[in-house]
Amino acid sequence: MTTISLAMAVVVAVLYSVGFYLLLQRSLMRVLLGVVVLGHGANLLLQLAGGPPARPPILDGTGDTAGLADPLPQALALTAVVITFAMTTYLLALGYRSWVLVGHDEVQDDLEDRRIARRRTVKASMGEEVEETGDEVGVDPGSAAASDDPVTSTADVR
Amino acid sequence: MTTSLLPVLPVLLPLLGAAATVVAGRSAWAQRAIGISVLAAVAAVATVLLVQADRHGPVVSEVGGWPAPVGIVLVADRLSALLLLISTVVTLAVLVYAIDQRIVDYGRRTASTTFHPIFLVLSAGVSLAYLTGDLFSLFVAFEIMLAASYVLITRRTDATRIRSGMTYVTISLASSLLFLTTVALVYAATGTVNLADLATRVADLPTGLQTVLALLVVVTFGIKAAIVPLHFWLPDSYPNAPAPVTALFAGLLTKVGIYALLRTRTLIFPEGHPSTLLLVLAAVTMIVGVLGALAQNDLNRLLSFLLVSHIGFMIFGLAVSDAAGIAGTALYVVHHITVQATLFLVSGLITRRTGTVSLDKMGGLAKRAPLLAILFAIPALTLAGVPPTSGFVAKLALLQAGAGGGSGTAIVAGIVVLASLLTLYAVVRVWVRVFWGEPREPLPDNDPDDELVVGTARTSTPMYAASAALVAVSVAIAVAAGPLSAITTRAGDDLVARTPYRTAVLGDGGAP
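Shown next as structure tokens:
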């Protein structure tokens, strides 16, 4: 079992908290930064699994393994870095596409989900007689639906 | 134990095929031929692997010639060979459907530089996930699979698809990074990432640490498999993709998560008694999923919620965690991969005939498309588990395991029955709303309330044939229920005993 120093544990913890905080944001750019920071945290943790920092992962010919770092986690981290890098690029492309298509890069609410939720509330407040027209109620007040719909509101601003 | 190069082929062939389809980027027919023949070859290899694994024990391949705890191994035991076979068959049917849908939509000569390569890469990722005997390779397999799925779900984007794509990519990345964390912590604690080696070493760790690692594994794969508190991304993202892509994702991706959970829970963190946490998760998943399905008006979202609900059934078998429960889960996974993919393919056909996904606007389709009514009814009843179908066989295996597991599992077994009845209610309601009633004219494709763009009223025979072939596979599962459940029972015994896998990978030193 490998134990790590307090300083490194704190660094990893900070990277994870910042990463997850950014991941919970609406803007895809912040999500992207969150993935980058979180990826750094995970890779650092993977590195630390191979022993304390500043040790070489190379045998010096004497066959003495005392001061060596385990090379395997470094190889794993290398693979993980490449994967994280590729995903970061993909997210960037996705953010750009989103900006081209809808004018911003914010992750939207699920419209169908909102429609179902709204249909339930309207039904509850208006009693049983609207039951059969439930679908119209969800779609019909288009103005009410559109005003809290970020797609249209931001498009207007732009 | 058998050492051979066979387990490498299901990973290597699709990757080479993907490269070949890129090279053949100008010829649509060459791409189609490569895709179909590669997947057919993988299915043949998977059959051979299954027969070998069943007769002579796990087939092991040491990648690069390095022996087990140091190098990466690919292992095909009964469970992974069986799942590989059924997954490849489903992938092949979905590819035929997708090719034909592309012909109908974009013309006979339109080649694609992304679709065919990415489809094969996804298949390679799924194969690697089933076959790998190494925790880090499992991470890589998930990344290959997910990266391909990101591309498939965001191809031909519009505003809706980009929204669902973002949700899907973000949540998948979060779970991948959690997986990476798990790998790091497991390596720091044990000094190995080989699954067979981990089986011995994790048992020596302090109990608290074991629990932490086991929980991390449940959360990581729980997100990928869409277990209930972690399922929100699925009904949000799957329905917006094109029908074949949704079918492929629904059939395979969540089940790979279940497989990973099954493999790690049995091999590395065996409990030996029913797991309370998983039992609760299974019950909640079954109920929340099916109730969510009842509230939906969008056909694809309804099917997505049913998918979530049925993940709970598989978790239930895993939670029972004796040989019978594991065997039940394996059988259920085989049944569910087929039936869920079929339902989404048929839903794609329905959507094309009606021009909408909204159940309110459908009706009377049975008069215009009687074949479609039958094609939907059979997998729908199979999903609900009505007696002669494969769903009944799989659910019976789970219920028998649950009845033998103690009072806690018996209660959840009751919930299994309840969730099955609610599923039956949900699918029958869908069938009545879509196929009975006054016939309605198909809606035009540019219907503003409809979030999907589909080629209305344009379907072709091979699309029906591919769906019908999958229906036939699920009927065949029911017909061959005897031999199949014999195989899954042996697979369950293997997984619980753990010895066959460890001996196959590590040699005789692997025996406890």
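As given, the protein sequences belong to chains W and Y, one line each in that order. Its first residue numbered 1, the first sequence is counted upward by one per residue in the UniProt record's numbering. Its first residue numbered 1, the second sequence is counted upward by one per residue in the UniProt record's numbering. The C-beta atom is built at its ideal place from N, Cα and C for all residues, glycine as well.
Sequence-distant partners of Y/L79 (beyond 5 residues in either direction) whose C-beta falls short of 6 angstroms from its own C-beta, in its chain, are A330, A491.
Judged by DSSP secondary structure, Y/L74 falls within the beta strand (DSSP E) whose first and last residues are 73-76.
Contact between Y/Q52 and Y/V59 is confirmed by a C-beta separation of about 5 angstroms, below the 8 angstroms threshold.
When beta bridges are read from the DSSP output, Y/D298 appears opposite Y/S358.
Residue state for W/E112 is assigned as helix, using DSSP reduced to three classes. At a C-beta separation below 7 angstroms, Y/E143 has these neighbours in chain W: I83.
Using a Cβ distance threshold of 7 angstroms, Y/A295 and W/I116 count as a contacting pair. By the criterion of a C-beta distance shorter than 6 angstroms, Y/V284 is surrounded in its chain by V228, once the five residues flanking it on both sides are discounted. Cβ atoms of Y/L318 and Y/L383 stay farther apart than 8 angstroms, at about 20 angstroms.
Annotation for Y/T88: P10, L39, V42, A43, A46, S123, S127 place their beta carbon closer than 8 angstroms to its own, counting only its chain and skipping 5 residues before and after. With respect to Y/D360, Y/N297 sits close: the two C-beta atoms are nearer than 7 angstroms. Residue-level contact by beta carbon fails for Y/R155 and chain W, as no gap is shorter than 7 angstroms.
At least 7 angstroms separates the CB of Y/I34 from every CB of chain W.
Contact annotation, Y/L424 with Y/A413: C-beta distance approximately 17 angstroms; criterion of less than 8 angstroms not satisfied.
As computed with DSSP, W/D105 is found in no beta bridge at all.
Going by DSSP, W/N43 is part of the alpha helix (DSSP H) stretching over 28-48.
The three-state secondary structure of Y/D54, taken from DSSP, is helix.
Contact between the stretch 341-356 of chain Y and the stretch 364-373 of chain Y is present: three or more C-beta pairs spanning the two stretches fall below 8 angstroms.
The beta carbon of Y/P462 lies closer than 7 angstroms to those of V96, D100 in the same chain, with the five residues before and after it left out. Ranking Y/Q340, Y/D204, Y/L82, Y/A241 by CA distance to the CA of Y/Y150 puts Y/A241 first.
Within chain W, the residues placing a beta-carbon under 7 angstroms from that of Y/L177 are L38, G39, A42, ordered along the chain. Nearest C-alpha to Y/T220 among Y/V183, Y/T157, Y/A199, Y/T21: Y/V183. Per DSSP, reduced to three states, the secondary structure at Y/T47 is helical.
Membership of Y/S390 in the alpha helix (DSSP H) is indicated by the continuous run 390-403. Taking all protein chains in view, the Cβ of Y/W233 is crowded by 16 or more other Cβ atoms within 10 Å, so the residue is classified as buried. When 7 angstroms is used as the limit between beta carbons, Y/L173 is near these residues of chain W: V35, M87, in chain order.
Between Y/V104 and Y/S460, the C-beta spacing is below 7 angstroms.
W/S17: member of the alpha helix (DSSP H) spanning 6-23, first to last residue. A distance below 7 angstroms separates the beta carbons of Y/P14 and Y/L120. In the three-state DSSP reduction, Y/T91 falls in the helix class (H, G or I). Between Y/T157 and W/R26, the C-beta gap is not smaller than 7 angstroms, which leaves the two residues out of contact. Between Y/M286 and Y/I415 the beta-carbon gap is near 6 angstroms, inside 8 angstroms, which marks them as a contact. Against chain Y, the beta carbon of W/Q108 has neighbours under 7 angstroms at R163, listed in chain order. Cβ-Cβ distances below 6 angstroms link Y/F376 to V346 in the same chain, with the five nearest sequence neighbours on each side left out; the list follows chain order. For Y/R201, the enclosing alpha helix (DSSP H) has its first and last residue at 195-203. DSSP, reduced to helix, strand and coil, places Y/T132 within a strand of the structure shown.
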